[in-house]
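**Q**
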Amino acid sequence: MSNNTTEKVRASLQKRYFKEKVFRSIGVVAIVASLSFLVVLLGSIIYKGYPAFKASYIQLDVTLTEETLDVSADAEDSELRRANYLGAIRTALRERFPEVTKRGDKRNLYRLISSGAEYALSDFMMEDRSRFGQTHSLWLLADDEADALLKRNKDLTKPIRTGENAKNKDALITRLNTDQLGWLQSFKEAGETDVRLASTFFTNGDSREAEQAGIRAALIGSAYTLLITFVLSFPIAVAAAIYLEEFAPQNKFTDIVEVNINNLAAVPSIVFGLLGLAVFINYLQLPRSAPVVGGIVLSLMTLPTIIISSRAALKAVPPSIREAARGLGASPVQVVTHHVLPLAMPGILTGTIIGLAQALGETAPLLMIGMVAFIVDIPNSVTDPATVLPVQVFLWADAPERAFTERTSGAILVLLAFLVVMNLTAVLLRKKFERRW
Amino acid sequence: MSKRILLTASVLALTVSQAAQARDYISIVGSSTVFPFATVVAEKFGKSTDFSTPTIESTGSGGGMKLFCTGIGVDTPDITNSSRRMKASEFEMCQENGVTDVVEVLIGFDGIAFANSVEAQQMDVSLTDIYLALAKDVPNPDGSETLVANPYSMWSEVNPELPAIEIEVLGPPPTSGTRDAFAELAMEGGCSTFGFIDSMEKKDFQAACHTMREDGRYVEAGENDNLIVQKLQANPDALGIFGYSFLEQNSDLVQSSMVDGVAAEFDAIADGDYPISRPLYFYVKKQHVGTVPGIAEYVAEFTAERTWGDDGYLADKGMIPLGEEARVEAAAAVNAMTTLAGIN
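For the protein sequence lines, the chains are H and F, in the order given. Numbering-wise (our numbering), the first sequence opens with residue 18 and increments by one. Numbering-wise (our numbering), the second sequence opens with residue 255 and increments by one.
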């Protein structure tokens, strides 16, 4: 009889092993598939985005004199600041290429240098007034089309992909013409071009000129918004969690509250934006496009996340701790503040960080309260108009200039970096302080 | 914990008190078509003057008008951009809410490109061809004066002179201003060439002309014009509908089709020869001039020759300027802040 069973088992063993193998390989395939999606996604973003962190410069000998700037040496500071720096740059370009005489050609020549160079030159002048009357060899930011070719180190002598070369895959895709490419090549051969780390990407606000556009305003806006979100949602959520977990009686009312909190966590975020528009902007008259409103709206959104994770963390503290504290004569408040809360804190902070990371990546509710705006000036307070990183990505993705494609991916990379850091902090925090009972 | 609550309360109190204070930057809302142009001007304005850079929100023309007309005061926008003229109903709404002094500025034109990849053959279509290829219901091909569901699947069926390629057009969704303008200018222009549709009642006429086909030949590609350009590159047989500034910025990848014998080129749009173009406006709340600093100066910057002129920087960004005389006249009227008496 028993022999018979062993036989049966042995006969089916092969089949069972096979089934297990299939089951395991399905799991492996699923992981490989999702990993490869991730790799493709990240790969394409990094491939498109890394040039955003580089910028090309062109060296020019710029003469800063009364003649080129249209102001006298003893002009007031304000007058000197607004002098004709554009003219000085154009003169320098004409001197570099004296053979360019036609008006249209000159205009094409001027287009190689970024339109922001005149402001950089103005700043250079104002740094030290003794620079007046001299010729300086300066590195000026290249315009986006020239920048795109220079920083990818393209061969500028190749044909351009238009007309009969439309199908030539080897040809250059650029809006520059052959003259402009020739001038660029001349700069390049003379060693007067340089590709550097793009500091402007981190120090500038938004701009309509791709080569000058940066994420500073959006970063600061995100920081202000998250600060407000944290200041509002953390204390409220922790207080709510402690009350519900430690003090609240079990009755219909607390049941309703609990159901509502769980429900709130699943409400689409755009709904919070509509609420923000109706209540905070239209009724309370808070300013549009301001981080303070963004922060309030996002804290409404993150509250349920933090409450739920805080309650879980509080629940994980074993009752024996509470009983021991009580036994030694601690009041209920002392039990919570001296024992339960400190022990639950790592879990609460983890939940908070994850909630904030979610808020950092949020766009939809901010659309409604006017944070989808063109912001050049860096915001100085929570009531200044601002935008946030994901919204900046959204705005750049819609810009007609091609050079914004790389900026879009670059901004996504920065956003991803912040999210990774935040989530990593959450994981480390949990690893380091979590106690198993 | 009580300290935190105190802090929270004080932050809230602070913001409420700050909100009541005056605003020192110009607030602009409105059309996403004007957005790329207005932002350039705002940036230049911020960099070259001591005023703060205006903030510009892209809300769409209709959304902008609504915000603009909510009333006067620092919590309402000072300027709204629009890719169409203010409607009479919007003007009335403004009046009712106390926005009585509105200055209208016509800044230029935007062409809507009907384009394909440079790798394909340039198309030469008429508005009638566009209508027949893209409308949901078209006049019966047998010549009777009835509408039938669009039977065409190849361009050569629409018009024997066109190449024998499948009709596939990528364009904006109904929420887009570009779509409205395309329906009004291209589709209507094409369908009014059929006498019997032209003599229909207004409602039926619009239904017949503006409804795009939904059988997959017209593909709604979302609001992002960059996406359409990318898709045209990938599929040389497809055509796309998008704003002129995207054509200009991608002139090495896509080419404009000839519409009624005219390609969407700078001069053709400026002269009004290209049939699918629309006017761009912005509206200024005169009552805010003097309250919010810099409005008059911003308007002056916008209407300066180096900005909106033939060689101005807006032309570089793809906006089609007004004629020279029109510009001089408009600049004078605008800088004198002549208000709008009414819209009919």
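Every residue, glycine too, gets a C-beta built ideally from N, C-alpha and C. Here the structure is a predicted model, which means the values were calculated and not measured.
From H:Arg419, H:Ala165 and H:Glu379, pick the residue whose C-alpha is nearest to that of Gln409 of chain H; which is it?
**A** If you number the first sequence from 1, residue 409 of chain H lands on position 392. Gln409 of chain H has its Cα closest to that of H:Glu379, out of H:Arg419, H:Ala165 and H:Glu379.
**Q** In the structure shown, what three-state DSSP assignment does Leu77 of chain H receive?
**A** Against the first sequence, residue 77 of chain H aligns to sequence position 60. Looking at Leu77 of chain H - three-state DSSP - the assignment turns out to be strand.
**Q** With a Cβ-Cβ cutoff of 8 Å, do Ala234 of chain H and Ala403 of chain H count as a contact?
**A** Translated into the one-based positions of the first sequence, residue 234 of chain H becomes position 217. Translated into the one-based positions of the first sequence, residue 403 of chain H becomes position 386. In contact: Ala234 of chain H and Ala403 of chain H (Cβ atoms closer than 8 Å).
**Q** With a threshold of 8 Å between beta carbons, is Glu297 of chain F in contact with chain H?
**A** Residue numbering aside, residue 297 of chain F sits at position 43 when the second sequence is read from its first letter. Glu297 of chain F counts as touching chain H.
**Q** So, is the C-beta of Val393 of chain H closer than 8 Å to a C-beta in chain F?
**A** Translated into positions along the first sequence, residue 393 of chain H becomes position 376. Chain F, which has a Cβ nearer than 8 Å to the Cβ of Val393 of chain H, makes this yes.
**Q** Got a sec: which bits of the stretch 218-238 of chain H sit with their beta carbon under 7 Å from any beta carbon on chain B, in order along the chain?
**A** Among the chains of the structure shown, chain B does not appear; the protein chains present are H and F.
**Q** Check whether the Cβ of Ile523 of chain F lies closer than 8 Å to any Cβ atom in chain H.
**A** Your numbering for residue 523 of chain F matches position 269 in the second sequence. So no, Ile523 of chain F is outside the interface.
**Q** How many angstroms separate the CA atom of Gln503 of chain F from the CA atom of Gly425 of chain F?
**A** Position 249 of the second sequence holds residue 503 of chain F. Position 171 of the second sequence holds residue 425 of chain F. If I take the Cα positions, the gap works out to 18 Å.
**Q** Quick one: grab the DSSP three-state call for Val56 of chain H.
**A** Within the first sequence, the letter at position 39 stands for residue 56 of chain H. Helix at Val56 of chain H.
**Q** Have a look at Ala105 of chain H and Phe305 of chain F and give me their C-alpha separation to the nearest angstrom.
**A** Along the first sequence, one-based indexing puts residue 105 of chain H at 88. Along the second sequence, one-based indexing puts residue 305 of chain F at 51. Cα to Cα, the separation comes out at about 25 Å.
**Q** For the stretch 303-321 of chain F, which residues have a CB atom closer than 7 Å to at least one CB atom of chain H, in sequence order?
**A** Per Cβ criterion, the list reads Ser306, Thr307, Thr309, Ile310, Glu311 and Ser312.
**Q** Just to confirm the assignment, what range does the beta strand (DSSP E) spanning Phe363 of chain F have?
**A** As a working note, residue 363 of chain F is residue 109 in the second sequence. Counting along the chain, the beta strand (DSSP E) containing Phe363 of chain F begins and ends at Val356 to Ser371.
**Q** Based on Cα-Cα distance, which residue from F:Asp396, F:Gly566, F:Ile530 and F:Val538 lies nearest to Ala590 of chain F?
**A** The residue you call residue 590 of chain F lines up with position 336 of the second sequence. Nearest C-alpha to Ala590 of chain F: F:Val538.
**Q** May I ask you to list, following chain order, the residues of the stretch 491-523 of chain F that have a beta carbon less than 8 Å from some beta carbon of chain H?
**A** If the cut-off is 8 Å between Cβ atoms, the stretch 491-523 of chain F has Gly497, Ser499, Phe500, Glu502, Gln503, Asn504, Ser505, Asp506 and Leu507 near chain H.
**Q** Quick check on the DSSP output: the alpha helix (DSSP H) that includes Arg124 of chain H runs from which residue to which?
**A** On the first sequence, position 107 is the one that residue 124 of chain H refers to. Arg124 of chain H -> alpha helix (DSSP H) spans Arg120 to Tyr127.
**Q** Using the rule of at least 16 other Cβ atoms within 10 Å of the residue's Cβ for burial, across every protein chain shown, is Arg433 of chain F buried or exposed?
**A** As a working mapping, residue 433 of chain F is identified with position 179 in the second sequence. Counting Cβ neighbours within 10 Å, Arg433 of chain F comes out buried, since at least 16 surround it.
**Q** Taking 8 Å as the threshold (beta carbon to beta carbon), is Thr242 of chain H in contact with chain F?
**A** Here residue 242 of chain H refers to the residue found at position 225 when the first sequence is read from its first residue. No, Thr242 of chain H lies away from the interface with chain F (no Cβ there is under 8 Å from its Cβ).
**Q** If I measure Cβ to Cβ from Val356 of chain F and keep anything under 8 Å in the same chain, skipping five residues before and after, which residues do I get?
**A** As a working mapping, residue 356 of chain F is identified with position 102 in the second sequence. Here the set comprises Met340, Phe345, Cys348, Tyr537, Val538, Lys539, Lys540, Thr593 and Leu594.
**Q** What does Glu583 of chain F reach in chain H if we use C-beta pairs closer than 8 Å?
**A** As a first step, residue 583 of chain F is located in the second sequence; it is residue number 329 there, counting from the start. Going along chain H, no residue has its Cβ under 8 Å from Glu583 of chain F, so there is no contact; the nearest lies around 27 Å.
**Q** Measure the C-alpha to C-alpha separation of Asp211 of chain H and Ile366 of chain F and round it to an integer number of angstroms.
**A** Counting from 1 along the first sequence, the entry for residue 211 of chain H is found at position 194. Counting from 1 along the second sequence, the entry for residue 366 of chain F is found at position 112. Roughly 39 Å separates the two Cα atoms.
**Q** Over what stretch of residues does the alpha helix (DSSP H) that includes Thr367 of chain H continue unbroken?
**A** On the first sequence, position 350 is the one that residue 367 of chain H refers to. Leu358 to Leu377 is the span of the alpha helix (DSSP H), which, as asked, contains Thr367 of chain H.
**Q** Helix, strand or coil: how does DSSP classify Tyr567 of chain F here?
**A** Numbered from 1 along the second sequence, position 313 holds the residue referred to as residue 567 of chain F. Reduced to three states, the DSSP call for Tyr567 of chain F is helix.
**Q** Would Gly387 of chain H pass as an interface residue toward chain F - the criterion being a Cβ-Cβ separation below 8 Å?
**A** As a first step, residue 387 of chain H must be located in the first sequence, where it is residue number 370. Answer yes: the Cβ-Cβ gap between Gly387 of chain H and chain F drops below 8 Å somewhere.
**Q** Using alpha carbons as the reference points, say which of H:Leu55, H:Gly44 and H:Lys65 lies closest to Thr422 of chain H.
**A** Translated into positions along the first sequence, residue 422 of chain H becomes position 405. Nearest of H:Leu55, H:Gly44 and H:Lys65 to Thr422 of chain H, Cα basis: H:Lys65.
**Q** Indicate whether at least one CB of chain F lies closer than 8 Å to the CB of Arg328 of chain H.
**A** In the first sequence, residue 328 of chain H corresponds to position 311, counting from 1. No, Arg328 of chain H does not count as interfacial toward chain F.
**Q** Might you give, ordered along the chain, the residues of its own chain that have their beta carbon closer than 8 Å to the beta carbon of Gly344 of chain H, omitting 5 neighbours on each side?
**A** Counting from 1 along the first sequence, the entry for residue 344 of chain H is found at position 327. Excluding residues within five positions, none has a Cβ falling inside 8 Å.
**Q** Can you give the Cα-Cα distance for Val198 of chain F and Glu358 of chain F, rounded to whole angstroms?
**A** What the structure shows of chain F is the stretch from 255 to 598, and residue 198 of chain F is not part of that stretch, so it cannot be assessed.
**Q** Give the DSSP bridge partners of Ser510 of chain F, in chain order.
**A** Start at 1 with the first residue of the second sequence, and residue 510 of chain F comes out as number 256. Beta-bridge pairing links Ser510 of chain F to F:Ala369.
**Q** Below 8 Å on C-beta distance, what does Ala414 of chain H contact in chain F?
**A** The residue given as residue 414 of chain H occupies position 397 in the first sequence. Those within 8 Å of Ala414 of chain H in chain F are Asn478 and Asn480.
**Q** Please identify the residue among H:Tyr127, H:Gly238, H:Thr195 and H:Ile323 whose C-alpha is closest to the C-alpha of Thr252 of chain H.
**A** One-based indexing of the first sequence puts residue 252 of chain H at position 235. Reading off the sequence shown, one finds Pro at residue 252 of chain H, where the question assumed Thr. The candidate whose alpha carbon is nearest that of Pro252 of chain H is H:Ile323.
**Q** Closest to Gln375 of chain F by C-alpha separation, out of F:Ser446, F:Asp391 and F:Pro417, would be which residue?
**A** Translated into positions along the second sequence, residue 375 of chain F becomes position 121. Answer by Cα proximity: F:Pro417.
**Q** Based on the DSSP output, what are the partners of Lys153 of chain H in its beta bridges?
**A** Position 136 of the first sequence, counted from the start, is the residue given in the question as residue 153 of chain H. The residue you asked about is not Lys; residue 153 of chain H is His in the sequence shown. According to DSSP, His153 of chain H bridges with H:Val79.
**Q** Strictly below 9 Å CB to CB, what residues from chain F border Ser306 of chain H?
**A** Within the first sequence, numbered from 1, the residue matching residue 306 of chain H stands at position 289. The contacting residues are Ser281, Thr309 and Glu311.
**Q** Is there a Cβ from chain F that is less than 8 Å from the Cβ of Tyr260 of chain H?
**A** Translated into the one-based positions of the first sequence, residue 260 of chain H becomes position 243. Chain F, which has no Cβ nearer than 8 Å to the Cβ of Tyr260 of chain H, makes this no.
**Q** In chain H, which residues lie less than 8 Å from Pro529 of chain F when you measure between Cβ atoms?
**A** Indexing the second sequence from 1 puts residue 529 of chain F at position 275. Result: empty, since nearest Cβ-Cβ is about 22 Å, beyond 8 Å.
**Q** I believe Gln509 of chain F touches Ala369 of chain F by the beta-carbon criterion, under 8 Å. Please report the beta-carbon distance rounded to the nearest angstrom.
**A** Walking along the second sequence from the start, residue 509 of chain F turns up at place 255. Walking along the second sequence from the start, residue 369 of chain F turns up at place 115. Going by Cβ atoms, the distance from Gln509 of chain F to Ala369 of chain F rounds to 6 Å, so yes, they are a contact pair.
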